[in-house]
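J.: Just passing along the structure, written as structure tokens.
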Amino acid sequence: MAYSEKVIDHYQNPRNIGTLNKESKTVGTGLVGAPECGDVMRLQIEVDDATGLIKDAKFKTFGCGSAIASSSLATEWLKGKSIDSAMEIDNMEIVEELALPPVKIHCSVLAEDAIKMAINDYRVKQGLEPIVDDKKHY
Amino acid sequence: MNFPIYLDNNSTTPMDPRVLEAMLPFFNEKFGNAASRNHSFGWSAEEAVDYAREQVARLIGSTSKEIIFTSGATEANNLAIKGVYEMYVSQGNHMITVTTEHKATLDACKKVEKMGGEVTYLSPNEDGLINLADLEAAITDKTVLITIMYGNNEIGVVQDIKGISAIAKKNGILFHTDATQAVGKIPVDVNEDGIDLLSFTAHKMYGPKGVGALYVRRKNPRVKVTSQMDGGGHERGMRSGTLNVPGIVGFGKACEICQDEMADEAVRLSTMRDRLEKELLTIEEAYVNGNAEHRLPHVANISFKFVEGEGLMMGTKDIAVSSGSACTSASLEPSYVLKSLGLDDELAHSSLRFGLGRFTTDQEIDFAIDHVKTAVHKLREMSPLWEMFKDGIDLKAIEWAEH
Chain D
1 MAYSEKVIDH YQNPRNIGTL NKESKTVGTG LVGAPECGDV MRLQIEVDDA TGLIKDAKFK
61 TFGCGSAIAS SSLATEWLKG KSIDSAMEID NMEIVEELAL PPVKIHCSVL AEDAIKMAIN
121 DYRVKQGLEP IVDDKKHY
Chain Y
1001 MNFPIYLDNN STTPMDPRVL EAMLPFFNEK FGNAASRNHS FGWSAEEAVD YAREQVARLI
1061 GSTSKEIIFT SGATEANNLA IKGVYEMYVS QGNHMITVTT EHKATLDACK KVEKMGGEVT
1121 YLSPNEDGLI NLADLEAAIT DKTVLITIMY GNNEIGVVQD IKGISAIAKK NGILFHTDAT
1181 QAVGKIPVDV NEDGIDLLSF TAHKMYGPKG VGALYVRRKN PRVKVTSQMD GGGHERGMRS
1241 GTLNVPGIVG FGKACEICQD EMADEAVRLS TMRDRLEKEL LTIEEAYVNG NAEHRLPHVA
1301 NISFKFVEGE GLMMGTKDIA VSSGSACTSA SLEPSYVLKS LGLDDELAHS SLRFGLGRFT
1361 TDQEIDFAID HVKTAVHKLR EMSPLWEMFK DGIDLKAIEW AEH
């Protein structure tokens, strides 16, 4: 199976690999997947107190090239976004952007889940209710 | 060096130029049907097949009359397992195999179960070898066949074939072995090894794809199988269909070359394999899968913990290897062979199989060592699991948000 150019680019030059201080009140962390499934994604956002915008995003991923690319792309998209518009990111946008084949759609779902989990982690730290996501994938 | 470097010789091998040369005349000059008895075209094809049958038989120590040509090892396994079941079902309907067999064996066994047979699937030890005591314990008065592979395709582990055949013989049970990975790589002798049926194929030993054989013992005991392909009664009625003359000629030549060169080649390959393995094991948290002693000379299966196999393969795109991770398929299940050894899914997902071959060079191995080390390092920098491991976090204690 051939990977798309964009997947290869993100794999070879991953954007925003790294770790933010997960104890910080302005940092939200999402950890999704499981080692036995062959995919674990950790996505972190740091929110600017003054503007409410995401000023930094980092990821680390254990998984195939598509999983790495999905999370790398997600961090790119998150930077500069408000929490509300970050919440709007849909996995199918990632699928389209990276031209993921059907067997790799779960990689984009993981990325979306990681974004939402990171946002909710941040919200809970800020004393807000987590947003319940009832979206059904597939 | 030509890139990518081919290190997947358990999947298939490139054809040896000497094999190709032997085959060429049989496509358009000597194109006759080996079953045509009335003219010289047929006679020369038949003569070529007879000669090749001798070459093939010699490599496994059988007589040429015991070689049934097939389209490959999958067909040979099917013919052996379903053919024995159908032929001997009046004596018993039970068979014994192992969970780490190739799918061709496991699925043929499933078919036997559908036809009303019973199959016991033995689990191997952690090192891939089976316990002979387990085998003996599984035998019932209805057991007619034991089918256990010679050398495993994923981990290269070589079973105690003589031990297995002794048990089969003592109990009056037929013994079939899928020796696809072993024939031509290590000495295999149907008489010394006590084998009644043996499957093998040309394309794993530098011959062409689309041709293989089933060895069917003719004496002590005389074994019969019910044909699975009916028609003109070729191959002593066990496998009808016009013989693939160029393929068979190539198979014969491939066997002859293996016979002549196998001993030296095995030493050369195992030296290279051991060097590759030793170097890769200098990487932290890297493990060899399968018994390292009872093993084919050209295979190494290594897990690199905390990196995922498919991601690793993408990072090692200048070498062609195979991964135990099943991320490539729709299911998220990793290799059932590695799982049968009791490996955590996580380690099974993190494995690469290196299959060296006749045309592998020392320079290529040097390159592969560097290439894999670099990729593992890069992916671990990206891996949250590696970071947690380094921070001393127990990954088993985490509640994973599975999807």
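Taken in order, these protein sequences are the chains called D and Y. In terms of our numbering, the first sequence opens at residue 1 and continues consecutively. In terms of our numbering, the second sequence opens at residue 1001 and continues consecutively. From the three backbone atoms N, C-alpha and C, an ideal C-beta is built for every residue, glycine too.
1. On the DSSP bridge assignment, give the partners of Lys56/D in chain order.
2. Taking the straight line between their C-alpha atoms, what separation do you get for Ala1104/Y and Ala1182/Y?
3. Below 8 Å on the Cβ atoms is my contact criterion, and I expect Asn1301/Y with Ser1351/Y to pass it. Report the Cβ-Cβ distance as a whole number of Å.
4. Within 10 angstroms of its Cβ, does Asp1260/Y collect 16 or more other Cβ (buried), or is it exposed?
5. Under 8 Å by Cβ, that's how I've got Arg1218/Y and Phe1306/Y pegged, so tell me the actual separation to the nearest angstrom.
6. On the CB-based measure, 16 or more other CB atoms within 10 Å of its CB, does Asn1291/Y come out buried or exposed?
7. Do Met41/D and Ser71/D have their C-beta atoms within less than 7 Å of each other?
8. Heavy atom of the ligand MN less than 6 Å from the Cβ of Gly1207/Y, yes or no?
9. Here's a check: name, in chain order, each residue in its chain whose Cβ is nearer than 7 Å to the Cβ of Val1245/Y, leaving out the five neighbours to either side.
10. Tell me where the beta strand (DSSP E) around Ile1302/Y begins and ends.
11. Counting only C-beta atoms, is Ala34/D closer than 7 Å to chain Y at any point?
12. What residue range does the alpha helix (DSSP H) around Tyr1336/Y cover?
13. Could you tell me which residues DSSP puts in a beta bridge with Ser1323/Y?
14. Nearest-angstrom Cα distance between Ile1186/Y and Gly1309/Y?
15. Excluding the 5 residues preceding and the 5 following Ser1064/Y in the sequence, name in chain order all residues of the same chain whose CB lies nearer than 8 Å to its CB.
16. In chain D, which residues lie with their C-beta within 8 Å of the C-beta of Val1307/Y?
17. Any idea which residues DSSP pairs Tyr1121/Y with across the strands?
18. Whose Cβ in chain Y lies nearer than 8 Å to the Cβ of Val124/D?
19. Using a cut-off of 7 Å between C-beta atoms, extract the partners of Ser1404/Y located in chain D.
20. Use the C-beta contact count for Ile115/D: other C-beta atoms within 10 angstroms, 16 or more gives buried, fewer gives exposed.
21. What's the gap between the Cα of Glu1118/Y and the Cα of Thr1097/Y?
22. Grab me the residues of Gly1241/Y's own chain with a C-beta within less than 7 Å of its C-beta, minus the 5 sequence neighbours each way, in chain order.
23. Should Asn1002/Y be labelled buried (16 or more other beta-carbon atoms within 10 Å of its own) or exposed?
24. Between the alpha carbons of Met1314/Y and Ala1368/Y, how many angstroms are there, rounded?
25. Residues of chain Y with a CB under 7 Å from the CB of Ser40/D: which are they?
26. Let me confirm a value: Leu128/D is counted as buried when at least 16 other C-beta atoms fall within 10 Å, else exposed. Which label applies?
27. Please report the straight-line C-alpha distance between Ala118/D and Met1388/Y, rounded to a whole angstrom.
28. Excluding five sequence neighbours on each side, which residues of the same chain lie with their C-beta closer than 6 Å to the C-beta of Ile1173/Y?
29. Exposed or buried, what is Val1158/Y when buried is set at 16 or more other beta-carbons lying within 10 Å of its beta-carbon?
30. Straight-line CA distance for Ile17/D to Ile1393/Y?
31. Does Ala1401/Y come within less than 7 Å of chain D when only Cβ atoms are used?
32. Closer than 7 Å by beta-carbon distance: list the chain D residues that pair up with Glu1346/Y, in chain order.
33. Alpha carbon to alpha carbon, how far is Val1337/Y from Thr1180/Y?
34. Can you tell me whether Leu1379/Y is helix, strand or coil according to DSSP?
35. Would Ala67/D pass as a contact of Asp39/D if the rule is Cβ separation under 7 Å?
36. Would Ile105/D pass as an interface residue toward chain Y - the criterion being a Cβ-Cβ separation below 7 Å?
T.: According to the structure shown:
1. First, the residue type needs correcting, since residue 56/D is Asp and not Lys in the sequence shown. Looking at the DSSP assignment, Asp56/D forms a beta bridge with Glu46/D.
2. About 16 Å.
3. Beta-carbon to beta-carbon, Asn1301/Y and Ser1351/Y are separated by about 6 Å, close enough to satisfy the 8 Å threshold.
4. Under this definition Asp1260/Y is an exposed residue.
5. So it is not a contact: roughly 54 Å between Cβ atoms.
6. With 16 or more Cβ atoms within 10 Å of its Cβ, Asn1291/Y is classed as buried.
7. Met41/D is a Cβ neighbour of Ser71/D, given a cutoff of 7 Å.
8. The ligand MN is not part of this structure, which contains no ligands at all.
9. Around Val1245/Y: Phe1026, Ala1034, Ala1045, Ala1048, Val1049.
10. For Ile1302/Y, the uninterrupted beta strand (DSSP E) segment begins and ends at 1299–1304.
11. So, interface residue.
12. According to the DSSP assignment, Tyr1336/Y belongs to the alpha helix (DSSP H) that extends over 1336–1340.
13. Ser1323/Y is bridged to Leu1352/Y.
14. When rounded, the distance between both Cα atoms is 29 Å.
15. Taken in chain order, the residues that qualify are Asp1050, Arg1053, Glu1054, Val1056, Ala1057.
16. Going along chain D in sequence order, the residues near Val1307/Y (Cβ under 8 Å) are Phe62.
17. Answer is Thr1097/Y, bridged to Tyr1121/Y.
18. From the beta-carbon of Val124/D, no residue of chain Y is found nearer than 8 Å; the closest lies around 15 Å away.
19. Absent from the model: residue 1404/Y. The displayed extent of chain Y is 1001 to 1403, so no value can be given.
20. So Ile115/D counts as buried.
21. The C-alpha of Thr1097/Y is placed about 11 Å away from the C-alpha of Glu1118/Y.
22. The residues Met1229, Gly1231, His1234, in chain order, have a CB closer than 7 Å to that of Gly1241/Y in the same chain once the five nearest residues on each side in sequence are set aside.
23. It counts as exposed.
24. Their Cα atoms are separated by approximately 14 Å.
25. According to the sequence shown, residue 40/D is Val rather than Ser. Ordered by position in chain Y, the residues that pass the 7 Å Cβ test against Val40/D are Pro1384, Leu1385.
26. Exposed.
27. If you take the alpha carbons of Ala118/D and Met1388/Y, they lie about 18 Å apart.
28. These residues qualify, in order along the chain: Thr1143, Ile1146.
29. Around the Cβ of Val1158/Y, a 10 Å sphere holds 16 or more other Cβ atoms; the residue is buried.
30. Between the alpha carbons of Ile17/D and Ile1393/Y lies a gap of roughly 20 Å.
31. It does: the Cβ of Ala1401/Y has a partner Cβ on chain D nearer than 7 Å.
32. For a Cβ distance threshold of 7 Å, residue set Pro35, Glu36 of chain D lies close to Glu1346/Y, ordered along the chain.
33. Taking the straight line from one Cα to the other gives about 16 Å.
34. Of the three classes helix, strand and coil, the one that applies to Leu1379/Y here is helix, per DSSP.
35. Yes; because the gap between Cβ atoms is below 7 Å, this pair is in contact.
36. The beta carbon of Ile105/D sits no closer than 7 Å to any beta carbon of chain Y.
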